[in-house]
Ligand code: C5J
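In the working numbering, the protein residues as written are 2 to 225.
Right, here's the structure in full:
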């Protein structure tokens, strides 16, 4: 049994390999001109995790772990985007409006693609999700069941929105989740810190947190 030295205590790696879940590393959130910057955010911190995530992704590929990418994406006719979501806020640009990288948060638009260094490869899952959580109106649970996956390594953006929502959804469905702390980021450093604390408080009420420097060698020991 290999364990990862995590917070709040050791995370046990199971016999069946965990899945690497990469949440919404799409140009919409990570590059200037996308949805994230249209909301007034500085996207630089999100772009800064790409090299670290790329290393973890390379290890997961090498170890033949299941890899699941998600994108926050709506249908071009916006039939899966509730008005309450589209109209929220005072931003000039809304979901579905034309931005410099095409229509914001719309499946198939250039801005909706995953950033090139993390682009999905053949054999990996690339799920469009209309909500914050990756289980909502996606085949994620069926995919994990078919693969007999019980443990999830969670990464991506943003920590307190789609990442945390997904981790809570996964927790309610019985998955053992570990958030890789240097492979997730927020536009708000204090929100990231608070999310890590919320996840691990009360004996890991939502799950575990550990850095990639600890996760990677443990995966290599367990499955290499
Ligand atoms: C947001 C996300 N922040 N991927 N989406 O709206 O976290």
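Beta carbons: idealized from backbone N, C-alpha and C, even for Gly. Since the structure is predicted, the reported quantities are computational estimates derived from the model, not experimental observations.
- With a contact defined as Cβ atoms closer than 8 angstroms, residue 66 and residue 21 qualify at about 6 angstroms.
- Judged by the Cβ position, residue 162 qualifies as a neighbour of the ligand C5J at the 6 angstroms threshold, a heavy atom of the ligand being closer than this.
- In the pairwise beta carbon analysis, the region 161–170 is classified as touching the region 186–199: at least three pairs are separated by under 8 angstroms.
- Taken atom to atom, the span from the alpha-carbon of residue 184 to that of residue 52 is near 9 angstroms.
- The residues 75, 96, in chain order, have a CB closer than 6 angstroms to that of residue 82 in the same chain once the five nearest residues on each side in sequence are set aside.
- For residue 176, the secondary structure class from DSSP, reduced to helix, strand or coil, is coil.
- Under the criterion of beta carbons closer than 8 angstroms, residue 24 and residue 71 qualify as touching, at roughly 5 angstroms.
- Contact annotation, residue 108 with residue 129: C-beta distance approximately 5 angstroms; criterion of less than 8 angstroms satisfied.
- Distances between the C-beta of residue 198 and the heavy atoms of the ligand C5J are all 6 angstroms or more.
- When the beta-carbon positions are compared, residue 210 and residue 182 come within less than 7 angstroms of each other.
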